[in-house]
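S.K.: Dropping the structure in here first, questions after.
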Amino acid sequence: MEFSHNDNNNLPLTKFESMLKTNHVLFFDSEEFENIIHHYLNQGKIALAKKAIKLGLGQHPTSINLKLFKVEVYVFEDKLKDADALLNELYSLDPMNEEVYIQKANILSKKDEHLQAIDVLKQALKLTDDVVDLYSLIGMEYLFLDQFEDAKTFFMKCLEADTQDYSALYNIMYCFDYLNQNEDAISYLNLFLDKNPYCEVAWHQLGKQYFELKNYKKAMASFDFAIISDDTFVGAYLERGKVLEKLKRYEEAIENYTVTLKLNDPTSFALLRIGSCYEKLKNNELAVQYYYKTVHEDPLLDKGWIAITKFYNRRKNYQKALYYINKAINIDTENVIYWKLYAQINQRLKFYEEAERGFKKTLELGNYELNTWLSRGDLLIKLGELQAAVYNFEQAVEFYPENAELEYRLAGLYFSMNENGKGSFHLKNGIKFNEDYAFIIDELFPEVSKKIQVKALLKLNQ
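The structure is reproduced here in structure tokens:
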């Protein structure tokens, strides 16, 4: 039983909370205590749940259900030994209680002993007629083991028992998606829809499968049926908008995204997509308005800041692009894409020191793309930081061994610093890996290209 603020069922709860404020201990039957504890656990009020368990067991020391709540709290607090000990005691008292098995499986799952947890849950299946929750728990354990076929089987059992179990349906689709079984997913959903033709969630999922296969006509029809089944289903309008974008029907896509803004609170995703559609329609004024709305609605959504930055970048308004990427970085300093854009924009503005800083930060955050190493190194060369450039390219070689672009740059740097032996070594490597990149020496190190030793090595390979 769930307590509500609007009905008489919350009288025991009110009485219990009044009791806590006084020194008077009132009597509750065990079922009332169970409902009070269940309420507190659902609300995440663990301290109050523990008080209720303690008082409950004081008044009903033999109640197995109250002791099972105690086990649940032990598990929540990661006191697995205490939970196990109490469960063993409860098992000896009531070996046919399926809840004892469920809590035992929960403990095993917490210990990452998922196969044992599955065995225990399968034993529990023999003790109850209410099997749906157990099927779901077994399915989740198989998911933990990445055994998606088995997980799928048990979630399907859930849906067979309860066609309204959309959580099971989503988990089934997750398994199909992970296994790249789009066609199988479509077959399954069609069979399900034959029996449940007005299930908007199933139509929605079917549309997503067709979308994945780029069958936009069937995807559109599926989302249409989802909307016919429930004309307030926001997800169907969003997905329909995505299909219309793929079909370049941008005005209709905007209409669908706009419907979602009226049905529910505005989502940053819908605002962003509307902005993108207006940009494709070359309505830049409305496009940028919706990009502004996107970042205002959700300042943490990186796609919003990236969209508005790239909008100004494409129009070569680099100052505004820089302004917005700086705002984005102030909100999230650990976003690699922000720093990469920051570096590129500063480079276009010829703010080379800031650009180098941006590429350096990008690398520090784990973006080890070859182009990032090359861009940063070339900026260090331009800034006269030759030793730092050498260190940058030597780090890059660890990730991209036998790369001609890196070797020619290292050759040029070492020759520039009159370390001719090292320069010669890297130049030979560059020529060996790909002689077509020899132009790098001329472009980045014109003085080096005039050296007799360099000319001789390059001439040998012409």
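Here the sequence shown is numbered in our numbering, starting from 43 and rising by one per residue. Note that CB positions come from ideal geometry on N, CA and C, so glycine has one too.
Output the distance between the C-alpha atoms of D172 and T56, rounded to the nearest integer angstrom.
M.R.: Counting from one through the sequence shown, the residue named residue 172 turns up at place 130. Counting from one through the sequence shown, the residue named residue 56 turns up at place 14. Rounded to the nearest angstrom, the two C-alpha atoms are 32 angstroms apart.
S.K.: From H338 to L448, what does the alpha carbon distance come to, in whole angstroms?
M.R.: Taking the sequence shown and counting its residues from 1, one reaches residue 338 at position 296. Taking the sequence shown and counting its residues from 1, one reaches residue 448 at position 406. The alpha-carbon atoms of H338 and L448 are separated by roughly 43 angstroms.
S.K.: How many Å lie between L211 and D204 at the Cα?
M.R.: Here residue 211 refers to the residue found at position 169 of the sequence shown. Here residue 204 refers to the residue found at position 162 of the sequence shown. Whole-angstrom Cα-Cα distance: 10 angstroms.
S.K.: Tell me the residue span of the alpha helix (DSSP H) that contains R356.
M.R.: As a first step, residue 356 must be located in the sequence shown, where it is residue number 314. D344 to R356 is the extent of the alpha helix (DSSP H) around R356.
S.K.: Just reading off the alpha helix (DSSP H) that E281 is part of, what are its end residues?
M.R.: The count along the sequence shown starts at 1 and reaches residue 281 at position 239. Per DSSP, E281 belongs to the alpha helix (DSSP H) from V276 to K288.
S.K.: Beta-carbon within less than 6 angstroms of Q251's beta-carbon, same chain only, minus the 5 sequence neighbours each way: which residues are those?
M.R.: Against the sequence shown, residue 251 aligns to sequence position 209. Closer than 6 angstroms at Cβ, skipping near neighbours: N224, A227 and I228.
S.K.: Rounded to the nearest angstrom, how far is the Cβ of F190 from that of L221, given a contact under 8 angstroms?
M.R.: By one-based count along the sequence shown, residue 190 stands at place 148. By one-based count along the sequence shown, residue 221 stands at place 179. Right, the Cβ-Cβ distance comes to about 5 angstroms (below 8 angstroms), so this counts as a contact.
S.K.: Among the residues of its own chain, which have a CB less than 7 angstroms from the CB of A24, if the five just before and after it don't count?
M.R.: Examination of residue 24 is not possible in this model, given that the chain is present from 43 through 504 alone.
S.K.: Take every Cβ of the stretch 269 to 278, pair it with every Cβ of the stretch 289 to 296, and state whether three or more of those distances are shorter than 8 angstroms.
M.R.: At 8 angstroms Cβ cutoff, the stretches do not touch.
S.K.: Of all the options F475, G454 and N476, which has the alpha carbon lying nearest to the alpha carbon of K497?
M.R.: Here the question's residue 497 lines up with position 455 in the sequence shown. Comparing Cα-Cα distances from K497 to each of F475, G454 and N476, the minimum goes to G454.
S.K.: Between L499 and the ligand HEM, is the CB less than 8 angstroms from at least one heavy atom?
M.R.: Absence of the ligand HEM is noted for the structure shown, with no ligands found whatsoever.
S.K.: Helix, strand or coil for S105? Go by DSSP, reduced to three states.
M.R.: Counting from 1 along the sequence shown, the entry for residue 105 is found at position 63. S105 falls in the coil class under three-state DSSP.
S.K.: Looking at C-alpha atoms only, which residue of H80, I269, K96 and Y433 is the closest neighbour of L62?
M.R.: The residue given as residue 62 occupies position 20 in the sequence shown. Nearest of H80, I269, K96 and Y433 to L62, Cα basis: K96.
S.K.: DSSP three-state call for L68: helix, strand or coil?
M.R.: One-based indexing of the sequence shown puts residue 68 at position 26. Coil.
S.K.: Would you mind giving the Cβ-Cβ distance between N476 and A446, rounded to the nearest angstrom? I have them listed as a contact below 8 angstroms.
M.R.: Here residue 476 is taken as the residue at index 434 of the sequence shown, counted from 1. Here residue 446 is taken as the residue at index 404 of the sequence shown, counted from 1. Indeed, because the Cβ distance is near 4 angstroms, the residues count as touching under 8 angstroms.
S.K.: Could you check if T351 is buried or exposed, using at least 16 other CB atoms within 10 Å of its CB as the buried criterion?
M.R.: Against the sequence shown, residue 351 aligns to sequence position 309. Classification for T351: buried.
S.K.: Determine, using beta-carbon pairs with one atom in the stretch 434 to 441 and one in the stretch 408 to 419, whether at least three such pairs fall under 8 angstroms.
M.R.: Contact between the stretch 434 to 441 and the stretch 408 to 419 is present, because at least three Cβ pairs lie under 8 angstroms.
S.K.: Roughly how many angstroms lie between the CA atoms of N213 and D207, to the nearest whole one?
M.R.: Here residue 213 refers to the residue found at position 171 when the sequence shown is read from its first residue. Here residue 207 refers to the residue found at position 165 when the sequence shown is read from its first residue. Their Cα atoms are separated by approximately 10 angstroms.
S.K.: Closest to L342 by C-alpha separation, out of K322, V330 and D374, would be which residue?
M.R.: Mapped onto the sequence shown, residue 342 falls at position 300. The option with the nearest alpha carbon to L342 is D374.
S.K.: Do P54 and I78 have their C-beta atoms within less than 9 angstroms of each other?
M.R.: Translated into the one-based positions of the sequence shown, residue 54 becomes position 12. Translated into the one-based positions of the sequence shown, residue 78 becomes position 36. Yes, the Cβ-Cβ distance between P54 and I78 is below 9 angstroms.
S.K.: Identify whether P54 lies in helix, strand or coil by the three-state DSSP scheme.
M.R.: Along the sequence shown, one-based indexing puts residue 54 at 12. Three-state DSSP puts P54 in a helix.
S.K.: Grouping DSSP H, G and I as helix and E and B as strand, with all else coil, what is D154?
M.R.: Within the sequence shown, the letter at position 112 stands for residue 154. Residue state, collapsed to three classes: coil.
S.K.: Identify the continuous alpha helix (DSSP H) that holds V330 and give its terminal residues.
M.R.: As a first step, residue 330 is located in the sequence shown; it is residue number 288 there, counting from the start. Segment N326 to E339, the alpha helix (DSSP H) holding V330.
S.K.: Helix or strand or just coil, what does DSSP make of D266?
M.R.: For this step, residue 266 is matched to residue 224 along the sequence shown. Helix.
S.K.: In three-state terms, what does DSSP make of M182?
M.R.: The residue labelled residue 182 in the question sits at position 140 within the sequence shown. It is helical.
S.K.: If you run the structure through DSSP and keep just helix, strand and coil, what is F311?
M.R.: Here residue 311 refers to the residue found at position 269 of the sequence shown. Helix, per DSSP.
S.K.: Counting along the chain, where does the alpha helix (DSSP H) carrying D484 start and finish?
M.R.: Residue 484 sits at position 442 when you count from the first residue of the sequence shown. Per DSSP, D484 belongs to the alpha helix (DSSP H) from F481 to L486.
S.K.: DSSP state of T404, grouped into three classes?
M.R.: Here residue 404 refers to the residue found at position 362 when the sequence shown is read from its first residue. The answer is helix: DSSP assigns T404 an H, G or I state.
S.K.: Is it right to say E485 is buried, meaning 16 or more other beta carbons lie within 10 angstroms of its own, or is it exposed?
M.R.: As a working note, residue 485 is residue 443 in the sequence shown. Burial call: exposed.
S.K.: Rounded to a whole number of angstroms, what is the C-alpha to C-alpha distance between S151 and V117?
M.R.: Working through the sequence shown from its first residue, we reach residue 151 at position 109. Working through the sequence shown from its first residue, we reach residue 117 at position 75. In a straight line, the C-alpha of S151 is about 11 angstroms away from that of V117.
S.K.: Going by other Cβ atoms of all chains shown within 10 Å of its Cβ, with 16 needed for buried, is Y380 buried or exposed?
M.R.: Here residue 380 is taken as the residue at index 338 of the sequence shown, counted from 1. By the 10 Å Cβ count, Y380 comes out buried.
S.K.: Have a look at K93, A480 and P103 and flag the residue whose alpha-carbon is nearest the alpha-carbon of F58.
M.R.: As a position in the sequence shown, residue 58 is number 16, starting the count at 1. Per the Cα distances, K93.
S.K.: Can you look up K250 in the DSSP assignment and give me helix, strand or coil?
M.R.: Taking the first residue of the sequence shown as position 1, residue 250 is located at position 208. If DSSP states are grouped into helix, strand and coil, K250 belongs with the helices.
S.K.: Determine, using beta carbons only, whether I296 and Y334 come nearer to each other than 9 angstroms.
M.R.: For this step, residue 296 is matched to residue 254 along the sequence shown. For this step, residue 334 is matched to residue 292 along the sequence shown. No; because the gap between Cβ atoms is not below 9 angstroms, this pair is not in contact.
S.K.: Comparing the C-beta of D420 with each C-beta of chain C, is any distance below 9 angstroms?
M.R.: No chain C is present in this structure, which holds just one protein chain.
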